[in-house]
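Asker:
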Amino acid sequence: MAKTLVIVESPAKAKTINKFLGRGFKVAASMGHVRDLPKSQLGIDVEKDFAPKYIAIRGKGDLIKSLKAESKKVDQVLLATDPDREGEAIAWHLANLLELPPEARCRIEFNEITKAAIQKAVKQPRQLDWHRIDAQQARRVLDRLVGYSLSPFLWKKIKKGLSAGRVQSVAVRLICDREEEIREFVQEEYWSLEAIFTEPGQTHKLVGKLVQIGDQKAEIKNREEMEKILADLASIQQVQVTAVKKKARLRQPPAPFTTSTLQQEASKRLNFSTRKTMQLAQQLYEGIELGKEGAVGLVTYIRTDSVRIAEEAQREAADYIKTEFGNAYLPEKPRQFASKGKIQNAHEAIRPTSMSRSPENIKQFLTRDQYRLYKLIWDRFLASQMAPAQLETTSIDVDISPYLFRITGTVVIFPGFMKIYQDEEKEEEKQIPPVFEGQWLELRELKPEQHFTQPPPRYTEASLVKTLEELGIGRPSTYAPTIETIQKRGYVTREQKHFYPTELGQMVVELLKQFFPDIIDVEFTAKMEEDLDKIEEGEKRWVDVVRSFYEPFREELQQAEIKAEKIVVADPVVEEKCPNCQANLVIKTGRFGKFLACPNFPECRFTKPLLEETGVLCPQCGGMLVKRRSKKGRTFFGCVNYPECDFTVWNEPVPEKCPQCSALMVRKSKKIAECIKCKTKAQVS
Numbered sequence: 232m233a234k235t236l237v238i239v240e241s242p243a244k245a246k247t248i249n250k251f252l253g254r255g256f257k258v259a260a261s262m263g264h265v266r267d268l269p270k271s272q273l274g275i276d277v278e279k280d281f282a283p284k285y286i287a288i289r290g291k292g293d294l295i296k297s298l299k300a301e302s303k304k305v306d307q308v309l310l311a312t313d314p315d316r317e318g319e320a321i322a323w324h325l326a327n328l329l330e331l332p333p334e335a336r337c338r339i340e341f342n343e344i345t346k347a348a349i350q351k352a353v354k355q356p357r358q359l360d361w362h363r364i365d366a367q368q369a370r371r372v373l374d375r376l377v378g379y380s381l382s383p384f385l386w387k388k389i390k391k392g393l394s395a396g397r398v399q400s401v402a403v404r405l406i407c408d409r410e411e412e413i414r415e416f417v418q419e420e421y422w423s424l425e426a427i428f429t430e431p432g433q434t435h436k437l438v439g440k441l442v443q444i445g446d447q448k449a450e451i452k453n454r455e456e457m458e459k460i461l462a463d464l465a466s467i468q469q470v471q472v473t474a475v476k477k478k479a480r481l482r483q484p485p486a487p488f489t490t491s492t493l494q495q496e497a498s499k500r501l502n503f504s505t506r507k508t509m510q511l512a513q514q515l516y517e518g519i520e521l522g523k524e525g526a527v528g529l530v531t532y533i534r535t536d537s538v539r540i541a542e543e544a545q546r547e548a549a550d551y552i553k554t555e556f557g558n559a560y561l562p563e564k565p566r567q568f569a570s571k572g573k574i575q576n577a578h579e580a581i582r583p584t585s586m587s588r589s590p591e592n593i594k595q596f597l598t599r600d601q602y603r604l605y606k607l608i609w610d611r612f613l614a615s616q617m618a619p620a621q622l623e624t625t626s627i628d629v630d631i632s633p634y635l636f637r638i639t640g641t642v643v644i645f646p647g648f649m650k651i652y653q654d655e656e657k658e659e660e661k662q663i664p665p666v667f668e669g670q671w672l673e674l675r676e677l678k679p680e681q682h683f684t685q686p687p688p689r690y691t692e693a694s695l696v697k698t699l700e701e702l703g704i705g706r707p708s709t710y711a712p713t714i715e716t717i718q719k720r721g722y723v724t725r726e727q728k729h730f731y732p733t734e735l736g737q738m739v740v741e742l743l744k745q746f747f748p749d750i751i752d753v754e755f756t757a758k759m760e761e762d763l764d765k766i767e768e769g770e771k772r773w774v775d776v777v778r779s780f781y782e783p784f785r786e787e788l789q790q791a792e793i794k795a796e797k798i799v800v801a802d803p804v805v806e807e808k809c810p811n812c813q814a815n816l817v818i819k820t821g822r823f824g825k826f827l828a829c830p831n832f833p834e835c836r837f838t839k840p841l842l843e844e845t846g847v848l849c850p851q852c853g854g855m856l857v858k859r860r861s862k863k864g865r866t867f868f869g870c871v872n873y874p875e876c877d878f879t880v881w882n883e884p885v886p887e888k889c890p891q892c893s894a895l896m897v898r899k900s901k902k903i904a905e906c907i908k909c910k911t912k913a914q915v916s
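Sequential numbering from 232 applies to the sequence shown in my numbering.
1) Does any C-beta atom of chain C lie closer than 8 Å to the C-beta of Lys351?
2) Is Glu563 helix, strand or coil by DSSP?
3) CA-CA distance, Lys765 and Phe645?
4) Does DSSP put Ala287 in a helix, a strand or coil?
5) Which ranges does the beta strand (DSSP E) cover as unbroken runs of at least 3 residues, wholly within the stretch 314-370, from first to last along the chain?
6) Drop a sphere of 10 angstroms on the beta-carbon of Val799, count the other beta-carbons inside from all chains shown, and report buried for 16 or more, exposed for fewer.
7) Pro707 lies in the alpha helix (DSSP H); which residues open and close that run?
8) Should the stretch 342-353 be called in touch with the stretch 286-303, which here means at least 3 C-beta pairs below 8 Å?
9) State the DSSP-derived secondary structure class of Glu419, mapped to helix, strand or coil.
10) With Ala474 as the anchor, note down where its alpha helix (DSSP H) starts and where it stops.
11) Applying the 10 Å Cβ sphere with the 16-neighbour rule, what's the burial state of Lys452?
12) List in chain order: all unbroken alpha helix (DSSP H) runs of 4+ residues lying wholly within the stretch 507-595.
13) Residue range of the beta strand (DSSP E) that Gln616 falls in?
14) Determine, using beta carbons only, whether Val305 and Leu236 come nearer to each other than 8 Å.
15) Below 8 Å on the Cβ atoms is my contact criterion, and I expect Thr505 with Ile714 to pass it. Report the Cβ-Cβ distance as a whole number of Å.
16) Should Ala326 be labelled buried (16 or more other beta-carbon atoms within 10 Å of its own) or exposed?
17) Can Glu412 and Pro732 be called in contact, C-beta distance under 8 Å?
18) Could you pull the DSSP bridge partners for Met896 from this structure?
19) Taking only the alpha-carbon atoms, compute the straight-line gap between Lys284 and Gly274 and give it to the nearest angstrom.
20) Could you tell me how far apart the beta carbons of Leu841 and Leu827 are, in whole angstroms, since I believe they sit closer than 8 Å?
21) Counting only the same chain and skipping the five closest in sequence on each side, list residues whose C-beta sits under 7 Å from that of Leu677.
22) Put Lys440 into one of helix, strand or coil per three-state DSSP.
23) Mind checking Gln418: buried by the 16 CB within 10 Å criterion, or exposed?
24) Would you kindly report the start and end of the unbroken beta strand (DSSP E) that includes Trp457?
25) DSSP state of Thr935, grouped into three classes?
26) Quick check on the burial criterion: 16 or more other C-beta atoms within 10 angstroms. Buried or exposed for Pro884?
27) Mapping the DSSP letters down to three states, classify Phe503 as helix, strand or coil.
28) What is the DSSP secondary structure of Gly647, reduced to helix, strand or coil?
29) For Leu329 and Asn249, I'd like the C-alpha separation in whole angstroms.
30) Below 7 Å CB to CB, which residues in the same chain sit around Ala449 once its five sequence neighbours on both sides are set aside?
31) Where does Asn576 land, buried or exposed, given buried means 16+ other C-beta within 10 angstroms?
32) If you follow the beta strand (DSSP E) that Met738 is in, where does it begin and where does it stop?
33) Classify Arg397 as helix, strand or coil using the three-state DSSP reduction.
34) Name the residue from Cys892, Leu268 and Met457 whose alpha carbon lies nearest to the alpha carbon of Glu680.
35) Could you check which residue in Val805, Ala757, Phe746 and Ala795 has the C-alpha nearest to that of Pro783?
36) Between the alpha carbons of Ala260 and Ala311, how many angstroms are there, rounded?
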C-alpha cells in the first residue's frame, strides 16, 4: 500500500511523475482548481474584510470525494501543484478540502519534471506559503469585484453579453489608443539620396548614403530641396575618400526565454498564437512519451519571468557546446542574465531539462508544432550560453563639400551564438573592397528617393504582449486568456496578424474612460500589480490593498449608474431585403464575425453570411473568393460556393497571376505576393 499521496494538477503530469517515484507513492491529479468563487453571485462579503465564499467547482464532487478517500489511506499527502501563486492557492484549497492540519509540511515544488528534481522535491516538503496565497487571493477578489460590478453596468448602458476586467480593459484601450494615433497621424514627406561609386577601372559598386549637409544631419524635406542638391552635384565625376574607419564590435546573445519572450518569439517566428504557444509549452513541460524512456518533461516550468539559469544546467550546456562546436564557442565564464523588476527568482528561465535530448534526436516522438517550439527553446537557451559574435564594421566617408556621403559594410568575423540563433533580423553582410584614405572614386549615379513618414503600426499578438509586459500590466500567464477574451467579446478583430478595435470596443473604452478612469489607466493597473507583488513579499496585507481599491471604485460605480446615459448601438442597415418579411437586413456581429440578420428578431429569425468579396476568382471552380472567419477568430479566404467547393487560403488573394505558371498568388507582405503552386514571388500593387 502507498504511504504517500502526491497530488498534481493534470493527468499528464501525474503520469510522468509516477514513473520517477517508487512503490510507496501514489500520484493523483486534481484536474486544476477544485474550489472557486460561485458563478451565480459575487461571492465576496465586502462588509467583512472582503471574505471570499469558496465552493467546490461544479462537476468535481466525485473527484474531490476520491481524493479525500485516498488521503485517508496514506500517512502523508504532498501537494505538488505549480510553483507559482496560483499553484500555491490550488494547494491551499486542496489542503482545506482534505482537512490537512495548518502546520503540515505538505507542499513540494519543482522547476522541472525530471527524476532528480522530483526525488529531491519529495524529500523537502514545506508548509504552505501564506504570502503567495494571499497575493493570489487578492488578485482573484479584485478581478471578481471589477468583473461582477462593471459587466452588469455595461449591460445596462450598452448591451448584454459584455464584460470588463482589470487587464482586458487596459489591453483594449491600448489597441483603441493606437488606432486613434493612426487616424490622427499626419504624413510628412522626406527624401533620401544614394550615390553609386566605383573604383577607376572597376565595376564593383560602392553605395553611399547622404548623411550630412555642412555640419547638420541630412534632412531633405521636399522635391525642391532634392533638385537643388542634384544640381549642385551634376558636374561631379570624381571624388576623393576622406576617411576610412574600421571598428570591431561584439554582439551579445539574448537571454533564455521567459514566458513573455517565448510568446513573442513564437508569434514572430512560428506564427503561433499566445494560446497555442502555452498549450504546446505545457505539453513539453508535463511530459512527452519518448519510446523506451517513457514520459519525460522536456522543458522547465513555463510560467516564469526569471532569466536565471541553474549552475548544473550551465555546466551541461558548456559541455555540449565544447563537444559540438569547440572551445572557441564558449564564453570566458558562464553567462548569467539580470532579470528586470521584481521576479520570482526561485524559478529559472525556460530551458531544456537535459542537453542529451536535442531536438533532432527526439523529433520522431514530437508533433510538428511541438518540435518547432522545442527547437526554438533549445536554440535560444544554447545560444545564451555561447560566445558573442564578432563583427567588423567598415565606414568610408566621401566628402563632396558640403555634402558628406557614407559607405558602410559589416562582416561577421566570428559567428559565435549566431551560428544557431539570430536574435533579430539577420544583419546583411556587405563586404567592402580595400579602400584607402585619399583614394579617388568615380561617381557613377545619384539615386534620389521620395518617402513619407508612417504611422505607428497596429499591435500584433507579439507586440501587444511586449507592451503589456513593459508597462507592468497583468502577468505573462494571463496574456493568452486576455487576448482570447477581447476577441471573443467582439472588442477587437485580428486581420493579417494585426488588431483593429471594433466600434463596440471603442464605445466600451470611452465609457470606462469617462466614469472609471483608474480601471482603464495604464499606470494605475501597473501599480496594482506592484501591490500584489508586495503582498507576496509580506510587505502589505491583502485586505488593505483590496479596500484601498474598492472604496473609491464603489463610489465611481454609484455615480456612473446615475450619470451615464444608455448608448444605443444601432445595427447598420443594408439595402437587401429579408425574404421572409421584406424588412431591410441589418449587419450583426457574432463570435465568428459579421453576418446579415432580420431586424424583426425574434419574430423573424432569418440570417445569412455577410460575404466580403476579394475580386479574385476561385482557381478550382471560378466562383468568387470571399473573406471568412474561422471558429478561432482567424481570417481566411474561401470560395463563395462552399461546401460544393472547399478551396481556402490563409493569405489574402491578389488579382495578379503568377508570372511563371499563371496560378493564384496570395499576399505575403505589403508589396510582395507568392504563387500558391510554384512559390514564385512577385511585386504587386
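Every residue gets a Cβ at the ideal spot worked out from N, C-alpha and C, and that includes glycine. Here the structure is a predicted model, which means the values were calculated and not measured.
Answerer: Let me spell this out:
1) Going by chain labels, chain C is absent from the structure shown, which holds only one protein chain.
2) coil
3) 45 Å
4) strand
5) none
6) exposed
7) Pro707 to Lys719
8) no
9) coil
10) Premise fails: Ala474 lies in the beta strand (DSSP E), Gln469 to Arg482, not in any alpha helix (DSSP H).
11) exposed
12) 542-555 and 590-593
13) Counting along the chain, Gln616 falls outside any beta strand (DSSP E), and DSSP gives it neither H nor E.
14) yes
15) 6 Å
16) buried
17) no
18) Val885 and Cys906
19) 5 Å
20) 5 Å
21) Leu424, Ala426, Leu461 and Leu464
22) strand
23) exposed
24) The amino acid occupying residue 457 in the given sequence is Met; Trp does not appear at that position. No beta strand (DSSP E) contains Met457, which is instead part of the alpha helix (DSSP H) from Arg454 to Leu464.
25) No answer is possible for residue 935: the residues shown for the chain start at 232 and end at 916.
26) buried
27) coil
28) helix
29) 21 Å
30) Leu441, Val442 and Gln443
31) Because the pLDDT of Asn576 is 46, which lies under 50, any placement of that residue in the model is unreliable, and the question is left without a value.
32) Counting along the chain, Met738 falls outside any beta strand (DSSP E), though it belongs to the alpha helix (DSSP H) covering Glu734 to Phe746.
33) helix
34) Met457
35) Phe746
36) 10 Å
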